[in-house]
Structure formats: structure tokens, C-alpha cells
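Novice:
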Amino acid sequence: QLKQVQEPLIAQLIGNLDDDNCATRLVCCNSFNLVLKLGNQDCFGPEELHKLYLELLKRLDDSSDELRIAVTHTFLTFFSLLPDNYDRELYKAHLQALYRGLLIHLDDPNSAIQEAVYSVLVEAGRIHPLYLCEHVENVKHKHRSSLYCDKLLELFKQ
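Residue numbers (the working numbering): 1 to 158.
#1: Which class does residue 127 belong to by DSSP, given the choice of helix, strand or coil?
#2: Assuming residue 44 and residue 56 are in contact, meaning their beta carbons sit under 8 Å apart, how far apart are those beta carbons, in whole angstroms?
#3: Here's a check: name, in chain order, each residue in its chain whose Cβ is nearer than 8 Å to the Cβ of residue 91, leaving out the five neighbours to either side.
#4: Ignore the nearest five residues each way along the sequence and tell me which others in residue 125's own chain have a CB closer than 6 Å to its CB.
#5: Buried or exposed for residue 5, going by 16 or more other Cβ atoms inside 10 Å?
#6: According to the neighbour-count rule (16 or more other Cβ atoms, all chains shown, within 10 Å of its Cβ), is residue 112 buried or exposed?
#7: The alpha helix (DSSP H) spanning residue 94 covers which residue range?
#8: Among 20, 3 and 24, which residue has its Cα nearest to the Cα of residue 13?
#9: If we call anything under 8 Å between Cβ atoms a contact, is residue 121 one with residue 95?
#10: What do you get for residue 116, buried or exposed, if any count of 16 or more other CB atoms within 10 angstroms of its CB means buried?
#11: So, under 8 Å CB-CB, residue 64 and residue 26 are touching, yes? Tell me the CB distance rounded to an integer number of Å.
#12: Can you check whether the CB of residue 128 is closer than 8 Å to the CB of residue 88?
#13: Does the separation of the CB atoms of residue 53 and residue 81 fall below 8 Å?
#14: Identify which residue in 123, 107 and 48 has its Cα closest to the Cα of residue 149.
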């Protein structure tokens with residue numbers, strides 16, 4: 001049944017993610033998470049998911065930390081929906097954008113955001129561990145602390 005309303009619903013949610021009201025943005029983000037969970041892989045294949053992640057990455061720059069944490073929860077659902085046979089080479093540009101965007105926020109001044117983004121990167125790294133490690137190595141020296149970068153490298157270089 002979700003498939004019948006999926007396209008207009010997603011369009012509405014994306015449109016409201018930029019709303020001036022923080023409460024509206026938060027409801028949209030939480031709704032995205034719920035819609036992704038309900039639709040699972042039946043409704044959201046790689047092509048559909050690729051249309052969403054740029055909007056979610058933008059919200060990691062939001063002024064509301066509550067919303068930013070909600071975005072990380074949505075990203076956890078997002079990555080859980082990528083199929084086991086996800087074509088890492090075909091979609092490498094998408095992975096690059098995701099890894100780069102998330103790694104910026106691994107250096108957030110707020111430690112809760114750092115922890116939440118680290119959790120997302122643990123899930124995201126399972127898709128293409130070596131590629132994530134390359135990106136971590138490229139930004140590690142720019143971060144205030146290398147703690148989470150080191151943890152990711154330790155986890156995925158095994």
C-alpha cells in the first residue's frame with residue numbers, strides 16, 4: 001500500500017525538510033525514518049535511496065542538534081535497506097558523497113553528534129570498508145581529534 005503513495009509522500013517530505021520551522025523539519029525527518037522502515041527493500045531499492053541521501057546530508061548542517069541526531073537515525077535505517085548485492089563499483093560516486101558528507105560531521109563540536117555519526121559510519125562502512133578507510137585517511141589529519149577516525153580504521157582494516 002505504501003508503494004501507491006510513496007512518490008508524492010517522499011516529495012512532500014523532501015519539500016518540508018527545508019521548512020523554516022524546526023519542528024516541521026524534525027517531523028519530516030522522523031517521518032522519513034518511519035516510511036523507510038515501513039517500506040523496507042520492497043519500496044526502496046538503491047535508485048530510490050540515492051534520491052534521498054543528499055537531502056539528509058543537508059540536514060546534518062541544521063541548527064538543531066535534536067534534528068541532526070534524528071537524521072543519523074534515519075541514516076541508520078537508510079543503510080540497513082541497501083541490499084547485500086549493492087553494486088559498490090557502479091554506485092561508487094554515491095558512496096563517495098555519503099562517506100565525505102558523513103566524515104565532515106564526525107568532527108562536529110558536539111560529542112553526541114560525533115557519536116551518532118560514528119554509528120552511521122560503522123553501518124555505512126560495511127558496504128565498502130576499504131573505500132571508507134581511504135576517505136578516513138584523507139580527512140583524519142583535519143579533525144580536532146582522531147579518536148573516531150582511528151576507531152573506524154581499526155574496525156575496518158582488520
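Don't be surprised by glycine CBs; every beta carbon is placed ideally from N, CA and C.
Specialist: From the atom records:
#1: Three-state DSSP puts residue 127 in coil, outside helix and strand.
#2: Between residue 44 and residue 56 a beta carbon distance of about 13 Å is seen, past the 8 Å cut, so the two are scored as non-contacting.
#3: The residues are 46 and 50.
#4: Excluding positions up to five away in sequence, the list reads 132 and 156.
#5: Label assigned to residue 5: exposed.
#6: Exposed: under 16 other Cβ atoms inside 10 Å.
#7: Unbroken alpha helix (DSSP H) run through residue 94: 92-105.
#8: Considering only alpha carbons, the answer is 24.
#9: Cβ atoms of residue 121 and residue 95: not closer than 8 Å.
#10: By the 16-neighbour rule on beta-carbons within 10 angstroms, residue 116 is buried.
#11: So it is a contact: roughly 7 Å between Cβ atoms.
#12: Going by C-beta atoms, residue 88 is nearer than 8 Å to residue 128.
#13: Taking 8 Å as the Cβ cut-off, residue 53 and residue 81 do not qualify as a contacting pair.
#14: The shortest C-alpha separation from residue 149 is found at 107.
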